[in-house]
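Numbering (the UniProt record's numbering), first residue to last: 1 to 632. For glycine and all other residues, C-beta sits at the position ideal for the given N, C-alpha and C. Since the structure is predicted, the reported quantities are computational estimates derived from the model, not experimental observations.
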Ligand code: ATP
Ligand code: MG
């Protein structure tokens, strides 16, 4: 692999040291391994006050030349993309690098034919079909800024995002498959566009073959347009700091923010982190289960793997269709070697029959990854034991939409691994913990607010159309630091453990608890599948602990179970952390990317459900009604 892949702990230490002592030299050497039309003049310019962050200024490139063209000579016939459909009986699709290159060029020409040009914002609202990956790359090819909106979002959520970015075009499909359901995607687009004046063109890809409403002069079918375009499309020359994409955050904590990433730095960090964390090798078959609508899908389904010349697998369906064994069936089918998923999926599968995983060989697997939220120990062990057969390292990767790439994570087989710990920062990443005054806490065995004190190439540049929002959200809480919004612990050996969002910390009689810590304890109870805790005002303790719990099975008497759950928490953490209220629920309010929206639960616990805030990214709004009705 590339010469910057660290293969031993000593190499990691050496790389880390250099990245701190000479960050510009460090990143310059890595950036040099990419294809640039013109080399940059200045490696880094930055201050966190405005903020103003520029990497590889003056450098000219196109990221798709790095994802595709540069591989054609050596990997032209290697598989770039494997697509597995929702229905296992439908034939999968495979593209070599040469084929994918051609598809991207054609799509790019369709965009141009319909008036798209460099700098335009294009909203992509498409299901997980190959054309989604191709469309994203096609935008990058012509220098248009893609804004992918997860195809499960409502018309209102889509319209908000289109208007925020003033998109001129929408790329979509007639419909989508999701497990047993088929959903009319184009209809949602039509509804959204009633309130989006900026959109001039809609390009529709056929997936279901459904008849859809086509607006004359605005809507065109991709399959018609592609007939008449060339298979060649020279890439647009971009400045390293030109925008590559806008992506809205998950909305767990409030109104989603339009995070902006730029071409050069994002590219360098995507490949660097991908090859290192997963210890990617040329022969790997890599599968990231995230939707391209999330940052994980952007960086680790698409850009990171393709930049590295990897074979990346894309899956249209869901882990539970046609049964709970689907993930493992797909792993065996394609000989997947690296598998990257989210704790929410692992917990869902854990709740099912163990034979659903044990009946597959999973022999091909080498590395397992987790992302999106803290992975509780139960889930970690289940994943490590039953999926990884205790043979595969599990990398718990902590990062954010705003960081563009993985920040803190075990490097598979190279740096220490500890259940529920993201462990050590990657080279180039300088995390620090601060107290509430912003003073750095330097010792180990401590807890604090997680910040970064130095920029890395894929750090957020701005929030689209509102630079002040970026400054206020990330750079103003602690002077001179990027604030992540998360709290973390650092153990005696310097390994980091993310304890959740700072807003979620519960303060009981002066003792501070991360939600993850209490949930972790509750989840140890054998009847519990998943839980979420929040604080609520308590006369005596300041804050009380309110737990929402999903059960695997229901024992005869709830009181015993409640007592048992409390017992488990007392045993794992202590009396002080025992939940004051436990509400049994059938589901939790989650974002579409599987994160618990604790701010909604907090409202329920506080007994104030009049205004739940932005719920546009909620997966299943009905569950909120049930929870409200059952509030204690
Ligand atoms: P919003 O910023 O709109 O509230 P969000 O923070 O959920 O939404 P993302 O950028 O998708 O949007 O998620 C990043 C957050 O997810 C992190 O700040 C952290 O809280 C959590 N997270 C991600 N990976 C991990 C991990 N491995 N361990 C613990 N927490 C994680
Ligand atoms: Mg966030």
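Residue i, enclosing beta strand (DSSP E) - first and last residue
| i | result |
| --- | --- |
| residue 489 | 482-490 |
| residue 146 | 145-148 |
| residue 25 | Not the beta strand (DSSP E): residue 25 falls in the alpha helix (DSSP H), residues 23-31. |
| residue 312 | 311-315 |
| residue 429 | Here residue 429 belongs to no beta strand (DSSP E), and DSSP marks it neither H nor E. |
| residue 446 | 446-452 |
| residue 506 | 506-508 |
| residue 439 | Taken as a continuous stretch (DSSP letters only), residue 439 belongs to no beta strand (DSSP E), as it is neither H nor E. |
Residue i in three-state terms, based on DSSP
| i | result |
| --- | --- |
| residue 303 | helix |
| residue 194 | coil |
| residue 392 | coil |
| residue 123 | strand |
| residue 463 | strand |
| residue 633 | Residue numbering for the chain in the displayed model covers 1 to 632; residue 633 lies beyond these limits and cannot be assessed. |
| residue 626 | helix |
| residue 1 | Residue placement at residue 1 cannot be trusted, given a pLDDT of 46 that sits under 50; the coordinates are not used to answer. |
| residue 524 | coil |
| residue 241 | coil |
| residue 554 | coil |
| residue 99 | helix |
| residue 321 | coil |
| residue 20 | helix |
| residue 247 | strand |
| residue 621 | helix |
| residue 297 | helix |
| residue 161 | helix |
Any non-hydrogen atom of the ligand MG closer than 7 angstroms to residue i Cβ
| i | result |
| --- | --- |
| residue 476 | no |
| residue 633 | Here the chain has residues from 1 to 632 only, and residue 633 is not among them. |
| residue 574 | no |
| residue 182 | no |
| residue 591 | no |
| residue 400 | yes |
| residue 485 | yes |
| residue 249 | yes |
7 angstroms CB neighbourhood of residue i in its chain, flanking five on each side removed
| i | result |
| --- | --- |
| residue 138 | 104, 107, 108 and 111 |
| residue 569 | 518, 521, 522, 577, 578 and 579 |
| residue 183 | 175 and 176 |
| residue 66 | 34, 35, 267 and 307 |
| residue 453 | 430, 432 and 481 |
| residue 441 | 433, 434, 435 and 448 |
| residue 229 | 106, 109, 110 and 113 |
Residue i Cβ short of 7 angstroms to the ligand ATP heavy atom set
| i | result |
| --- | --- |
| residue 459 | no |
| residue 396 | yes |
| residue 273 | no |
| residue 257 | yes |
| residue 431 | no |
| residue 379 | no |
| residue 175 | no |
| residue 290 | no |
| residue 595 | yes |
| residue 297 | no |
| residue 373 | yes |
| residue 422 | yes |
| residue 498 | yes |
Cut-off 6 angstroms between Cβ atoms - residues of its own chain near residue i, not counting five sequence neighbours on either side
| i | result |
| --- | --- |
| residue 202 | 170, 218 and 219 |
| residue 592 | 150, 152, 617 and 619 |
| residue 296 | 290 and 371 |
| residue 376 | 520 and 523 |
| residue 164 | 258 |
Heavy atom of the ligand FAD within 7 angstroms of residue i beta-carbon
| i | result |
| --- | --- |
| residue 293 | Although the ligand FAD was asked about, the structure shown includes only the ligand ATP and the ligand MG as ligands. |
N- and C-terminal bounds of the alpha helix (DSSP H) containing residue i
| i | result |
| --- | --- |
| residue 382 | 377-382 |
| residue 350 | 343-350 |
| residue 274 | 263-277 |
| residue 75 | 72-75 |
| residue 227 | Residue 227 -> no alpha helix (DSSP H), and no H or E assigned at all. |
| residue 64 | 63-67 |
Integer Cβ distance of residue i from residue j, believed to fall under 8 angstroms
| i | j | result |
| --- | --- | --- |
| residue 211 | residue 289 | In fact, because the Cβ distance is near 32 angstroms, the residues do not count as touching under 8 angstroms. |
| residue 97 | residue 72 | 6 angstroms |
| residue 128 | residue 315 | 7 angstroms |
Chain-order list of residues whose beta-carbon lies under 8 angstroms from that of residue i (same chain, five-residue window excluded)
| i | result |
| --- | --- |
| residue 628 | 604 and 609 |
| residue 29 | 4 |
| residue 10 | none |
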